[in-house]
Ligand code: SAM
Ligand code: SF4
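Residue numbers (our numbering): -11 to 432.
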């Protein structure tokens, strides 16, 4: 059994966990293949943040049921949440491992290789973070670094504290060493990851907080961009903005999930901040020297959310003028306190609110993007679009900027490898709600 197929669902934390799982498997002599059909070992790294994501995984498992002579494994959040129940629901599954137990993945694979057919790794009490030197990163320019795992908050709607265990930070030294190694290997952009990166607390005697860590990662030679996600408003301090203002390597982009514009709903959600406290953090960003792009997450239809509460959320959008938002209908999750709340909002009403919210935000984004027309942005070139002939770049503010370049004097096409990974100045010529269009005057 030496080939594996791995499909990843969910957030960037899962994507990065998968990179580490791939590294661990390759070290054990497995090779990755592109289809489940071609694999001996089929793994799904799963997400259970909303019911829809969870259903997708069981649907995939159902599809696999017909295939014989393969070993199936469920990793990640659904594995942690459902545990051994997965064996009942999908008897062809042999391996169930939650993300807090990935440090034991090697041992668990040995048992699978020895022929065991019901193997679990579900302990949540691990003190360790999942560090492996064998991470297999697919993007040659941008790399993720996990700085903190798990979550110690208890938002009433959220499964993460149950699926990812308690908060564990990595030492600042190991983060800096990893960033330096990545820079030496040609990576120029780093994305620091954690459920709440700004709750970071260095466990070593240095005792750094997140702002101090940001300063240090932003000073690693060869690193041109540093992003971080996600930040929790309660632990968001002004020193983070000061660090961004001091150092252009730290991208002028902050994702600060608000969830609701109503203090009453925020209290019911157990978010630990009020609307006013959240707005104070927004003020810090608006008053910064650099033009910081702000994005957020919003949940509509939390139990008991009235029309008036929802109106407060719409007004918050107008006040903050976010550069982008991720918006979701509230989804009931197992074990969470919000399950017991009365006054669940009907599905059609949640959909209605979501549509209104997204339309309001679309107009805001169109306005904000239009303000950038005529200006110049530096982009990291990430790819190309063969149907439009444009290059795809990303700005420091995390906007997508599709652009063309000046023709080369000899009329030849620019080779992809010369463009991808480059940082180029691009003049913005047009704006849409979700992206920009521009021209680069340089003949590369
Ligand atoms: N730790 C981050 C924070 O506190 O903002 C959020 C991490 S969570 C993986 C990403 C987003 O999923 C949340 O910000 C929230 O908007 C959304 N989410 C979480 N649980 C949800 C639920 N039960 N229903 C709908 N959306 C949910
Ligand atoms: Fe979930 Fe709240 Fe933790 Fe974010 S802070 S992961 S929303 S419990």
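Positions of the beta carbon are idealized from the N, C-alpha and C atoms, including for glycine.
Is the beta carbon of residue 139 within less than 7 Å of some heavy atom of ligand 1?
True, at least one ligand heavy atom lies under 7 Å from that Cβ.
Terminal residues of the continuous alpha helix (DSSP H) containing residue 65?
First-last of the alpha helix (DSSP H) with residue 65: 65 to 70.
Should the segment 189 to 202 be regarded as contacting the segment 222 to 235, the criterion being three or more beta carbon pairs within less than 8 Å?
With the cut-off at 8 Å, the segment 189 to 202 and the segment 222 to 235 touch.
Would you call residue 98 buried or exposed, if buried means 16 or more other Cβ atoms sit within 10 Å of its Cβ?
Exposed: under 16 other Cβ atoms inside 10 Å.
Could you tell me the boundaries of the beta strand (DSSP E) in which residue 314 lies?
Residue 314 -> beta strand (DSSP E) spans 312 to 317.
Would you identify the three-state DSSP class for residue 262, choosing helix, strand or coil?
Residue 262: coil per DSSP, three-state reduction.
If we call anything under 8 Å between Cβ atoms a contact, is residue 235 one with residue 203?
Contact: yes.
Can you tell me which of 142, 263, 2 and 41 puts its alpha carbon nearest to the alpha carbon of residue 134?
It is 2 whose Cα lies nearest to the Cα of residue 134.
Under 7 Å: does the beta carbon of residue 318 sit that close to some heavy atom of ligand 1?
Checking every heavy atom of ligand 1 against the Cβ of residue 318, one is found closer than 7 Å.
Might you give, ordered along the chain, the residues of its own chain that have their beta carbon closer than 6 Å to the beta carbon of residue 208, omitting 5 neighbours on each side?
Closer than 6 Å at Cβ, skipping near neighbours: 167, 168 and 171.
Using a Cβ distance threshold of 8 Å, determine whether the segment 144 to 154 contacts the segment 384 to 392, with at least three qualifying pairs required.
The segment 144 to 154 vs the segment 384 to 392: no contact.
Exposed or buried, what is residue 86 when buried is set at 16 or more other beta-carbons lying within 10 Å of its beta-carbon?
Residue 86 is buried by the Cβ-count criterion.
Which residue spans inside the segment 229 to 278 form an unbroken beta strand (DSSP E) run of at least 3?
Listed in chain order, the complete beta strand (DSSP E) runs (minimum 3 residues) inside the segment 229 to 278 are 241 to 243.
Beta carbon of residue 41, beta carbon of residue 68: below 8 Å?
Not a contact, by the Cβ cut-off of 8 Å.
What are the boundary residues of the beta strand (DSSP E) that includes residue 131?
Unbroken beta strand (DSSP E) run through residue 131: 130 to 134.
Do residue 239 and ligand 2 come close, with the Cβ less than 7 Å from some heavy atom?
Not under cutoff, so the answer is no.
Mind checking residue 430: buried by the 16 CB within 10 Å criterion, or exposed?
Residue 430 is exposed by the Cβ-count criterion.
Grab the span of the beta strand (DSSP E) containing residue 285 for me, first residue to last.
Element bounds for residue 285: 281 to 288.
Take the Cβ of residue 417 as the centre, count every other Cβ of all protein chains shown within 10 Å, and call the residue buried at 16 or more, exposed below.
Under this definition residue 417 is an exposed residue.
Following the continuous beta strand (DSSP E) through residue 29, name the residue where it begins and the one where it ends.
Run containing residue 29: 29 to 34, per the beta strand (DSSP E) assignment.
Return yes when the C-beta of residue 148 is under 7 Å from any heavy atom of ligand 2, and no when it is not.
Within the cutoff, so yes.
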